[in-house]
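Beneath this line is the structure, given in structure tokens, with notes to follow.
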Amino acid sequence: MNFSVPTEAFIVLSMVLFVLGAMGVMLRKNAIIVFMSVEMMLNAANLAFVAFARQWMHLEGQVFVFFVMTVAAAEVAVGLALIVAIFRNRNSTNIDALHQMEG
Amino acid sequence: MEAYAQLIPLTILIPAIGAFINMWLGAKMGEKLSGYIGIGASVLSFIVSLVIFSYVNGSHGGGVLVDPPLLDGWIAIESIGLNIPWQFRVDALSGSMMLVVTGIGSLIHIYAFGYMHGDPKFSRFFVYLNMFLVFMLVLVTANNFVMMFVGWEGVGLCSFLLIGFWWDKKHGVGWRNSNAARKAVIVNRIGDFGLVISMFLIFWTFGTFDYYRSGETANVAFAKYVHGYAEKHGAEGAEAEAAAAVEAAAAAEAPAHGAETAHGGGDAHGATAGDHGHARPALEQIDNSLFETSQLGVFGQTIRLGELPVGHPDRMIEIGPFTFEFGQVLFLIVFLMLVGVTAKSAQIPLFVWLPDAMAGPTPVSALMHAATMVTAGVFLLIRSNVFLDYAPEASALIAIVGASTALLGGYIGIGQWDIKRVLAYSTVSQLGFMVAAIGLNAYIPAMFHLVTHAIFKACLFLGSGSVIHGVEHGHHHVHAHGHNGHGDEHGHDDHAHADDFDPQDMRNMGGLWKRMPVTFGTYLFATFALAGLFPFSGFWSKDEILVKGWIAGFDKGNPIGFIVLGMLLVAAGFTAFYMWRQIQMVFFGEPRSEAAANAPESVAWMTIPLVVLAFGSLVGGFINMPAPINGVFLPHEFGHLLESLMPSVTAAGFPEFNFPLALLATAVALGAIFFAHSIYAGSKAVRGSGEPTERRDPLTYLPSSRPVWSLANARMYWDEIYFRLFENPYNQMAKWLYRIDWDILHDYFHDTVLYKGYKSVGNLLARGVDVNVIDATVLGVGRLTRAASSRMRTLQTGYVRTYAVGLLLGVVAVVVVMLLPLIQNS
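Protein chains in written order, with the numbering used here: chain A, 117 to 219; chain B, 117 to 942.
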């Protein structure tokens, strides 16, 4: 079987996506954007899983992706509900305004 | 049926249950139910006692030990081999005492139901009455001295509670009542001291407290005779024939009729049973020869040791560093026991509590004087008859003490105004008769007199209670005009009025025979019995005692016999005299107060027991007649029953009826009655005018008789002498000790030494140690924690991104740590 796209390319893409996600989580103020960035990091990991699975012809990588997607879906359900609750309370989704836990 | 004897725990359990029910629920149940439970418990116990007595009667005195369940090894110290079981003994003595206690006790319960009507502490009264029965039954049914002592102290406790029952009466009466109760306890404490030491000596000497051991025969000669082993039953003549009739009757019964030993061996001994046609126990089973001396009970051991010659090594008793001869030890035992008896059975010198005990409700007086409490001492001496047989010096002392008490009680009785006080001194006197008889080794007459006295004295006390009750109601009737004093609800508590009316003072009475015919009739019967007139019960029992004195004096030449006989005859004269004086004062002449003129007859609850007891006073003597009553009683039936416990009685035989002596005693009694009648008859009984309590006794009008009467009226100054000798010095000592306590102990030791010392030590600890060391340490830890945490808390910014960075850095660090070895290795 001939690999048209080498595995390195997938890994690089995955790294780029991950770094973008991480920067988003750390730098953005809008909670929904932060949330999306988290999703992006998860999907970057998924991409790496799939790429390595194709590289080594192992099914575990593929299976893991399903787990990650399931967890992500659950996380979305809880996270979005939290965000909606926060928005109802404060009329904004600015997470920097939420620093009551400051010591 | 020997199985009947096993019922004995029930007699005690039933009144105990009655007392417990009334204790927990009595206040809520109301008067009627509570009274029924009290009466029911007592009557049931009497029925059980009757069943047990039927066994005792059918088996020549029984003599069975009963171990109740769960109480084996009641007091046990295994390391020294001490084992005191809670063990009952069913025999002639305990059986007849049980009948007296529960029978007369039941009648008194019934009477109290009427007498205590309306009292706010009604149910509590029945608790105490039932408890009294319980402890008295424990006392009489015990098979060892320790268990007996439990009952002994229990009746002391109950007497305290009952004498002071009306401690809450107003106007200082309650104070007098509780003082009387305390007096009873304190005087009895002195006696208990003697009894306890006596018990210690018994244990030291015999190594056991048990009266008898299982299978032991109390009276070997008697048991031999009953089972047909004896050749000749003492020198009894006609008596032996009568006893042979007893034997014939026994032989006709079932073969396994259980005398003392039947339960020891159920197997038939064919070898010895031959000529009799039924299985009789082997000789060695009834003559105690199977026992070592140390295996016997205290009385069996006493007989063994007593038969040894003086100075035999076995008779040497080591007590601590000293060695005593057995006779000396026995004298000490009996003497110290006598100390206990003088307190409980009101003998010189400790009788002073008994007249004061009249402060209790009248049923209590009846119970204490007739059935329980004071008979305990006499019972103990009769139970210990074997000790007395071998301690002749102590017996002589007992005889003198008893005879003097009889004389003293009788003498003081002639000078009292209080209707119950006369009876109290009469009891003292009659107990003196019993103790004197015991001192002459006449145990059966003593027990016989105990039984008859219990009946007629109960009747007299209940009768006096009826009179007091009637006079109180009459007083109410007069003071609450138009108000029926008898029907309405008021307890005796209300009777203590602000005015000084004393319903017990015979000067306030008179002419009551018309108002209270039943009380009068029964009182007269009991008076005749007490005075010893033919054919009332007191005649027979008193005569037996006098005959024993006669025999001791004339036949054996014992001077004690003459002394006792003379003193008792004079005492019998006093008895008849004061009783006839009382009858005249209370029932004849004109009523001396409005209350007496309006006194109603008592209710049926009270009169029925009176009638029963009056009947008993008439026929009670028939149980122990010197001649047979055809078809009903054999001669000395009661005596032959008791004989099973008394070896000396079998040896001495029963006295014959002494006609001259009986005539003399009757003449003394009738003469005293005649003499009293000539002085006190009718309205002459109390002379003078004015208030009843200011009137005087006819004897005080003669210069020659005035000091005699005054001395009796002042109770021979016994209380005053005790006050001078003991109470005053005691109070002086108390004052002195009080000063020591307050001035030295309080002012110096407490205020100076203890208070100041404590304060300075406390200061040192509080300022120096607590503040500077402990507080500083604890507070320092707190401050350190606070300082550290105030820095650390700033790490917590609250911004999500800070945490995200931290998380990321952490992940990077972990990855680096994981990858570093790989990089280095490659």
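Idealized CB from N, CA, C, for every residue including glycine. Note that the structure is a prediction, hence the values are computed from the model and not measured.
Rounded separation between residue i and residue j - CA only
| i | j | result |
| --- | --- | --- |
| Phe169 of chain B | Ala828 of chain B | 42 Å |
| Leu734 of chain B | Val728 of chain B | 10 Å |
| Thr209 of chain A | Pro937 of chain B | 44 Å |
| Lys990 of chain B | Phe241 of chain B | Shown here, chain B extends from 117 to 942; a query on residue 990 of chain B therefore has no answer. |
| Val719 of chain B | Ser150 of chain B | 19 Å |
| Ile739 of chain B | Thr766 of chain B | 19 Å |
| Val164 of chain B | Asn138 of chain B | 21 Å |
| Gly922 of chain B | Asp891 of chain B | 41 Å |
| Phe180 of chain A | Phe165 of chain A | 7 Å |
| Trp172 of chain A | Gly195 of chain A | 35 Å |
| Phe678 of chain B | Ala783 of chain B | 19 Å |
| Pro67 of chain B | Ser582 of chain B | No answer is possible for residue 67 of chain B: it lies beyond the span of chain B, which begins at 117 and ends at 942. |
| Leu406 of chain B | Ala398 of chain B | 11 Å |
| Val517 of chain B | Gly526 of chain B | 14 Å |
| Ile435 of chain B | Asn259 of chain B | 25 Å |
| Val150 of chain A | Leu925 of chain B | 18 Å |
| Arg822 of chain B | Trp696 of chain B | 19 Å |
| Asn295 of chain B | Asn847 of chain B | 16 Å |
| Ser161 of chain B | Phe319 of chain B | 33 Å |
| Phe644 of chain B | Ser653 of chain B | 9 Å |
| Trp283 of chain B | Trp858 of chain B | 31 Å |
| Ser500 of chain B | Lys286 of chain B | 45 Å |
| Val927 of chain B | Ala138 of chain A | 12 Å |
| Val931 of chain B | Thr893 of chain B | 45 Å |
| Gly350 of chain B | Tyr341 of chain B | Reliability of the predicted coordinates at Gly350 of chain B is poor, the pLDDT of 44 falling under 50, and the value obtained from them is presented with this limitation in mind. If I take the Cα positions, the gap works out to 10 Å. |
| His379 of chain B | Val256 of chain B | Confidence at His379 of chain B is low in this model, with a pLDDT of 38, below 50, so the placement of that residue should be treated as unreliable; the coordinate-derived value is given next. Looking at the two C-alpha atoms, the distance is approximately 22 Å. |
| Ile724 of chain B | Asp671 of chain B | 45 Å |
| Gly737 of chain B | Gly755 of chain B | 12 Å |
| Lys299 of chain B | Ile464 of chain B | 16 Å |
| His613 of chain B | Gly230 of chain B | Here His613 of chain B scores only 45 on pLDDT, less than 50, and its place in the model should not be relied on; the value that follows carries that caveat. Whole-angstrom Cα-Cα distance: 22 Å. |
| Lys145 of chain A | Asn941 of chain B | 43 Å |
Listed by chain order, chain A residues near residue i by CB distance under 9 Å
| i | result |
| --- | --- |
| Gly914 of chain B | Leu214, His215, Gln216, Met217, Glu218 and Gly219 |
For residue i, the first and last residue of its enclosing alpha helix (DSSP H)
| i | result |
| --- | --- |
| Val445 of chain B | Phe442 to Lys460 |
| Asp835 of chain B | Trp834 to Tyr838 |
| Pro588 of chain B | The residue asked about is misnamed: residue 588 of chain B is Glu in this sequence, not Pro. First-last of the alpha helix (DSSP H) with Glu588 of chain B: Tyr559 to His595. |
| Val182 of chain B | Where Val182 of chain B is concerned, there is no enclosing alpha helix (DSSP H), although the beta strand (DSSP E) it sits in stretches over Gly178 to Val182. |
| Asn844 of chain B | Asn844 to Arg855 |
| Met145 of chain B | Ile124 to Met145 |
| Asn404 of chain B | Neither: Asn404 of chain B is in no alpha helix (DSSP H) and is coded neither H nor E. |
| Val271 of chain B | Phe261 to Ile279 |
| Val749 of chain B | What sits at residue 749 of chain B in the sequence shown is Phe, not Val. First-last for Phe749 of chain B: undefined, no H or E at that position. |
| Val312 of chain B | Val289 to Phe322 |
| Asp505 of chain B | Asn501 to Asp505 |
Interface partners of residue i on chain A, CB under 7 Å
| i | result |
| --- | --- |
| Leu924 of chain B | Ala138 |
Neighbouring residues, chain A, relative to residue i (Cβ below 8 Å)
| i | result |
| --- | --- |
| Val921 of chain B | Met142 |
Partners in chain B for residue i, counting only beta-carbon separations shorter than 9 Å
| i | result |
| --- | --- |
| Ile211 of chain A | Tyr915, Val916 and Arg917 |
Cβ-Cβ distance between residue i and residue j below 9 Å
| i | j | result |
| --- | --- | --- |
| Tyr694 of chain B | Gly529 of chain B | yes |
| Ala540 of chain B | Leu470 of chain B | yes |
| Leu566 of chain B | Ile220 of chain B | no |
| Ser314 of chain B | Ser222 of chain B | no |
| Gln181 of chain B | Arg205 of chain B | It should be pointed out that residue 181 of chain B corresponds to Leu in this sequence rather than to Gln. Yes, the Cβ-Cβ distance between Leu181 of chain B and Arg205 of chain B is below 9 Å. |
Residue interval of the beta strand (DSSP E) (run including residue i)
| i | result |
| --- | --- |
| Arg396 of chain B | Neither: Arg396 of chain B is in no beta strand (DSSP E) and is coded neither H nor E. |
| Asp472 of chain B | Taken as a continuous stretch (DSSP letters only), Asp472 of chain B belongs to no beta strand (DSSP E), being part of the alpha helix (DSSP H) at Trp469 to Asp472. |
| Ile433 of chain B | Met432 to Ile435 |
Proximity test, Cβ basis, 9 Å: residue i and chain C
| i | result |
| --- | --- |
| Val187 of chain A | Reference to chain C is not applicable here, since the protein chains of this structure are A and B. |
Pairing CB atoms from the segment 660-671 of chain B with CB atoms from the segment 489-506 of chain B, are three or more of them under 8 Å? no
Can at least three beta-carbon pairs, one atom from the segment 701-714 of chain B and one from the segment 615-633 of chain B, be found at a separation below 8 Å? yes
Quick check: the segment 183-203 of chain A against the segment 172-181 of chain B, are at least 3 beta-carbon pairs closer than 8 Å? no
Does the count of Cβ pairs from the segment 199-213 of chain B and the segment 777-794 of chain B closer than 8 Å reach three? no
Contact between the segment 840-848 of chain B and the segment 531-547 of chain B: three or more CB pairs below 8 Å? no
With a threshold of 8 Å, are at least 3 pairs of Cβ atoms found where one atom belongs to the segment 629-640 of chain B and the other to the segment 761-778 of chain B? no
Per the contact definition of three or more C-beta pairs closer than 8 Å, is the segment 458-473 of chain B in contact with the segment 303-310 of chain B? yes
The segment 260-273 of chain B / the segment 211-219 of chain B touching (three or more Cβ pairs under 8 Å): no
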